[in-house]
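Asker:
In my numbering, the protein residues as written are 2 to 746.
1) Could you tell me the distance, in whole angstroms, from the CA atom of residue 366 to the CA atom of residue 374?
2) For the beta strand (DSSP E) containing residue 260, list its first residue and its last residue.
3) Ignoring anything shorter than 3 residues, give me the beta strand (DSSP E) runs that lie fully in the segment 74-111, in order along the chain.
4) Could you have a look at residue 322 and say whether DSSP puts it in helix, strand or coil?
5) Name the two residues that bound the continuous alpha helix (DSSP H) containing residue 522.
6) Closest to residue 74 by C-alpha separation, out of 134, 83 and 101, would be which residue?
7) Which of helix, strand or coil does DSSP assign to residue 728?
8) Where residue 733 and residue 121 are concerned, what is the direct C-alpha to C-alpha distance, given to the nearest angstrom?
9) Counting Cβ pairs closer than 8 Å, one from the segment 537-549 and one from the segment 483-502, do we hit at least three?
10) What is the DSSP secondary structure of residue 316, reduced to helix, strand or coil?
11) When the Cα atoms are used, what is the spatial distance from residue 490 to residue 606?
12) Going straight from the alpha carbon of residue 727 to that of residue 263, what length do you get?
13) Going by alpha carbons, who is nearest to residue 621 out of 638, 629, 265 and 139?
14) What is the DSSP secondary structure of residue 1, reduced to helix, strand or coil?
15) Could you please give the first and the last residue of the uninterrupted beta strand (DSSP E) stretch that includes residue 434?
16) Buried or exposed, going by whether 16 or more other CB atoms sit within 10 Å of the CB of residue 391?
17) Can you tell me the Cβ-Cβ gap for residue 337 and residue 313, rounded? I've got them flagged as a contact below 8 Å.
18) Which term fits residue 234, buried or exposed, when burial requires 16 or more other beta carbons within 10 angstroms of its beta carbon?
19) Output the distance between the C-alpha atoms of residue 786 and residue 299, rounded to the nearest integer angstrom.
20) Within the same chain, show all residues whose beta-carbon is closer than 7 Å to that of residue 237, passing over the 5 residues directly before and after it, in chain order.
21) For a test of the three-state rule: what should DSSP assign to residue 371, helix, strand or coil?
22) Below 7 Å CB to CB, which residues in the same chain sit around residue 116 once its five sequence neighbours on both sides are set aside?
23) Taking the beta carbon of residue 46 as the centre, do at least 16 other beta carbons fall within 10 Å, making it buried, or is it exposed?
24) Output the distance between the C-alpha atoms of residue 737 and residue 650, rounded to the nearest integer angstrom.
25) In the DSSP assignment, find the beta strand (DSSP E) that holds residue 544 and state where it starts and stops.
26) For residue 676 and residue 665, I'd like the C-alpha separation in whole angstroms.
27) Beta-carbon within less than 6 Å of residue 739's beta-carbon, same chain only, minus the 5 sequence neighbours each way: which residues are those?
28) Have a look at residue 32 and residue 653 and give me their C-alpha separation to the nearest angstrom.
29) Excluding sequence positions up to five away, which residues of its chain have a Cβ less than 8 Å from the Cβ of residue 537?
30) Taking the alpha carbon of residue 413 as the point to measure from, which residue in 461, 267 and 435 has its own alpha carbon closest?
31) Straight-line CA distance for residue 436 to residue 424?
32) Check the DSSP bridge columns for residue 333 and list the partner residues they point to.
33) Which runs of the beta strand (DSSP E), 3 residues or longer, sit entirely within the segment 266-318?
34) Can you tell me the Cα-Cα spacing of residue 289 and residue 534, whole angstroms?
35) Short check: CB of residue 253 to CB of residue 301, under 8 Å?
36) Looking only at its chain, what residues have a beta carbon closer than 7 Å to the beta carbon of residue 499, apart from the 5 residues adjacent to it on each side?
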């Protein structure tokens with residue numbers, strides 16, 4: 002290994018980073034195989050071999066030429082050696098090699114006590130079993146069986162005599178027992194160029210989690226402002242950890258953050274959760290305090306009793322577009338705060354919850370009403386009970402009920418009690434099923450007095466509604482031999498689903514939690530066309546569907562084809578807007594196909610087609626090609642009439658033996674522009690990975706964010722760079738595979 006003397010300017014540049022980082026550590030969640038426990042047989046016999054053996058009996062043995070000394074899991078080879086039996090000590094010279102619990106050392110001279118494990122070696126090289134780390138030194142002091150002190154030495158997880166990266170330290174303590182490496186004054190070299198200098202450094206020898214400073218993370222905010230994060234990782238316990246990170250944002254100030262995770266088990270059962278907090282005490286641009294919190298927790302209190310919470314809150318409407326780094330983060334506008342508890346029986350469940358929302362408006366919603374985000378009703382509280390039993394004398398039955406107090410700052414408030422029993426009698430044979438079902442949905446409302454924005458007063462009132470429903474679900478399954486795409490069996494599965502629900506006037510009932518259901522295959526076989534309990538749709542309709550599946554001899558599904566449509570025998574009078582009944586005789590047609598064309602090609606598609614107007618209402622197509630490791634191409638198209646026409650392409654692909662390209666583009670045909678994109682390059686250096694690229698996404702309706710990132714990951718040591726390219730690539734490209742699996746988070 003070459004150890005060139007760097008010019009003074011390079012050393013000063015490397016040590017400049019020390020001002021940002023007092024001690025760099027690299028905790029990670031590596032999948033490294035744990036080291037087996039060391040078990041030393043204190044009564045093990047010492048065996049010596051050599052071509053010439055002499056000395057004093059039971060005192061001292063001298064060995065010449067092809068020497069080998071073995072005691073339990075320690076083995077020494079050398080040109081010459083002297084073994085002192087009373088002290089159980091070895092002195093060896095010339096081409097000395099030693100194996101200790103799988104670790105391997107070579108050097109010019111060795112002195113080692115086989116009983117205590119203490120000793121030293123001059124001009125050594127070493128290689129560790131656990132993570133294949135290696136290095137050279139002026140001297141190694143063996144402090145005990147687990148611990149070695151490397152003086153004026155190097156350390157790297159790269160293989161070969163000239164590793165791409167290594168750290169060079171005046172003192173380096175390698176403690177395999179505690180899985181900790183601790184270095185004094187240290188320089189990290191990459192391609193023989195110093196890139197980081199620290200007065201102290203600590204790291205995990207196996208790549209497992211441990212407490213310490215993470216490398217500084219320069220980056221860019223959602224509006225392109227530069228920022229610098231210096232995180233500190235606290236490995237509290239194997240099932241708990243905490244990351245603290247001060248973040249310097251020159252345009253805004255210093256932001257403080259904390260992220261904690263935990264899982265565990267008590268006598269009552271399991272628990273787990275995660276909490277993330279950000280605080281900017283004084284924003285230079287707004288002049289106020291900015292903060293954000295996200296917390297989730299779930300816990301078993303007893304065998305059948307659990308509770309949990311979900312908390313999301315932010316200081317102001319602009320927090321997501323000022324600080325979010327991802328598409329999902331910038332789009333999150335309805336922040337839920339929920340506290341709930343559940344009690345379960347063998348066939349029933351009781352739930353109580355409190356829900357409250359904070360709504361963050363898009364900053365452009367004042368000028369563009371289409372961007373306004375509506376506020377859901379709070380539930381203060383909601384108590385629900387559900388019970389079900391199957392095959393009770395051939396019958397299946399269930400009962401669902403909920404009592405909820407709804408609150409809203411500007412809309413009518415009140416309480417609602419819902420009870421919905423149902424009874425069915427499934428008749429199931431080898432190739433058919435018939436299931437008649439009776440349902441009843443009863444609701445009672447107690448509404449508070451309400452004054453609308455125009456000043457009109459509505460008195461407190463009580464309302465009720467009872468709606469019965471009958472449904473009949475029937476289907477057949479036919480099979481035949483098939484040879485398409487190497488399949489063995491083809492099925493033909495016709496299905497009819499009839500629903501009859503009489504009309505009940507519900508126009509005076511409020512809209513607490515109800516909306517029209519999206520139209521898809523699952524909704525085709527639902528009794529109610531609404532989501533929620535404020536509207537029960539009247540119906541006299543039948544759904545006809547046909548499914549054909551191609552199965553391999555193993556039973557795996559190779560191809561699925563589906564078509565379905567609903568036919569109405571009377572007008573649909575119950576609507577969210579009662580003045581617009583639907584008079585269609587039939588619904589749109591749904592067609593779907595999905596399957597595996599070959600071992601490398603898969604696809605899925607779904608189309609909603611309007612026969613009356615002879616046009617496609619919505620469609621989604623996707624093709625995925627994954628011919629090998631770290632090779633994937635995804636192509637998809639999403640269409641919703643007058644609302645969405647997006648083409649999406651994403652890929653991870655090797656450009657050469659070591660270079661890989663990654664990318665994603667979402668193009669809107671409606672707006673004639675790219676609305677989201679990602680482009681990046683990765684280089685696999687075996688013991689290190691380099692990533693670079695840029696991402697562009699919509700932060701608000703009229704603003705975009707374009708963060709850039711680059712990162713050098715030294716396997717088993719740390720990540721250095723700007724931004725988090727690994728997270729961006731994993732979230733953007735379905736099928737993406739990490740180049741250095743088994744290292745890092």
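Virtual Cβ for every residue (Gly too), placed ideally from N, Cα, C.
Remember, predicted model here, so these are calculated numbers, not experimental data.
Answerer: A quick look at the data gives this:
1) Position 365 of the chain shown holds residue 366. Position 373 of the chain shown holds residue 374. Computed Cα separation, rounded: 8 Å.
2) Counting from 1 along the chain shown, the entry for residue 260 is found at position 259. 254-266 is the span of the beta strand (DSSP E), which, as asked, contains residue 260.
3) Listed in chain order, the complete beta strand (DSSP E) runs (minimum 3 residues) inside the segment 74-111 are 75-85 and 90-101.
4) The sequence position of residue 322 within the chain shown is 321, counting from 1. Residue 322 falls in the helix class under three-state DSSP.
5) Position 521 of the chain shown, counting from 1, holds the residue named residue 522. From DSSP, the alpha helix (DSSP H) with residue 522 extends over 522-525.
6) As a working mapping, residue 74 is identified with position 73 in the chain shown. Nearest C-alpha to residue 74: 101.
7) Reading the chain shown from its first residue, position 727 is the one you call residue 728. Three-state DSSP puts residue 728 in a helix.
8) Along the chain shown, one-based indexing puts residue 733 at 732. Along the chain shown, one-based indexing puts residue 121 at 120. About 52 Å.
9) yes
10) Looking up residue 316 in the chain shown gives position 315. Of the three classes helix, strand and coil, the one that applies to residue 316 here is coil, per DSSP.
11) As a working note, residue 490 is residue 489 in the chain shown. As a working note, residue 606 is residue 605 in the chain shown. Going from the Cα of residue 490 to the Cα of residue 606 covers about 22 Å.
12) Position 726 of the chain shown, counting from 1, holds the residue named residue 727. Position 262 of the chain shown, counting from 1, holds the residue named residue 263. When rounded, the distance between both Cα atoms is 23 Å.
13) As a position in the chain shown, residue 621 is number 620, starting the count at 1. For the options 638, 629, 265 and 139, the alpha carbon positioned closest to that of residue 621 is the one of 638.
14) Only positions 2 to 746 of the chain appear in this structure, which leaves residue 1 out of reach.
15) Taking the chain shown and counting its residues from 1, one reaches residue 434 at position 433. From DSSP, the beta strand (DSSP E) with residue 434 extends over 433-448.
16) The count along the chain shown starts at 1 and reaches residue 391 at position 390. With fewer than 16 other Cβ atoms within 10 Å, it is exposed.
17) Here residue 337 corresponds to residue number 336 of the chain shown, with the count starting at 1. Here residue 313 corresponds to residue number 312 of the chain shown, with the count starting at 1. So it is a contact: roughly 6 Å between Cβ atoms.
18) Locating residue 234 in the chain shown gives position 233, where the first residue counts as 1. Its Cβ being crowded by 16 or more others within 10 Å, residue 234 is buried.
19) Outside the modelled stretch of the chain, which goes from 2 to 746, sits residue 786, for which no answer is possible.
20) Locating residue 237 in the chain shown gives position 236, counting from the first residue. For residue 237, where only same-chain residues beyond five positions count, the Cβ hits under 7 Å are 243.
21) Locating residue 371 in the chain shown gives position 370, counting from the first residue. Reduced to three states, the DSSP call for residue 371 is helix.
22) For the purposes of this step, residue 116 is taken as residue 115 along the chain shown, with counting starting at 1. The answer, listed in chain order, is 89.
23) The count along the chain shown starts at 1 and reaches residue 46 at position 45. Its Cβ having fewer than 16 others within 10 Å, residue 46 is exposed.
24) Position 736 of the chain shown, counting from 1, holds the residue named residue 737. Position 649 of the chain shown, counting from 1, holds the residue named residue 650. If you take the alpha carbons of residue 737 and residue 650, they lie about 13 Å apart.
25) Residue 544 sits at position 543 when you count from the first residue of the chain shown. Start and end: 540-552.
26) Walking along the chain shown from the start, residue 676 turns up at place 675. Walking along the chain shown from the start, residue 665 turns up at place 664. For residue 676 and residue 665, the gap between their C-alpha atoms comes out near 11 Å.
27) Along the chain shown, read from residue 1 onward, the residue named residue 739 stands at position 738. None.
28) Start at 1 with the first residue of the chain shown, and residue 32 comes out as number 31. Start at 1 with the first residue of the chain shown, and residue 653 comes out as number 652. Caution applies to residue 32, whose pLDDT of 36 falls short of 50 and renders its modelled position unreliable; the model cannot decide the point.
29) Within the chain shown, numbered from 1, the residue matching residue 537 stands at position 536. Excluding residues within five positions, the ones whose Cβ falls inside 8 Å are 442, 466, 468, 470, 502, 505, 507, 529, 531 and 575.
30) Stepping through the chain shown from its first residue, residue 413 is reached at position 412. Per the Cα distances, 461.
31) As a position in the chain shown, residue 436 is number 435, starting the count at 1. As a position in the chain shown, residue 424 is number 423, starting the count at 1. Cα to Cα, the separation comes out at about 10 Å.
32) Here residue 333 is taken as the residue at index 332 of the chain shown, counted from 1. Residue 333 is not bridged to any residue.
33) 271-281, 291-303 and 306-315
34) In the chain shown, counting from the first residue as 1, residue 289 sits at position 288. In the chain shown, counting from the first residue as 1, residue 534 sits at position 533. Separation of residue 289 and residue 534 (C-alpha to C-alpha, rounded to the nearest whole angstrom) is 42 Å.
35) Position 252 of the chain shown, counted from the first residue, corresponds to residue 253. Position 300 of the chain shown, counted from the first residue, corresponds to residue 301. No, the Cβ-Cβ distance between residue 253 and residue 301 is not below 8 Å.
36) Here residue 499 is taken as the residue at index 498 of the chain shown, counted from 1. Only 472, 473 and 543 meet the Cβ criterion.
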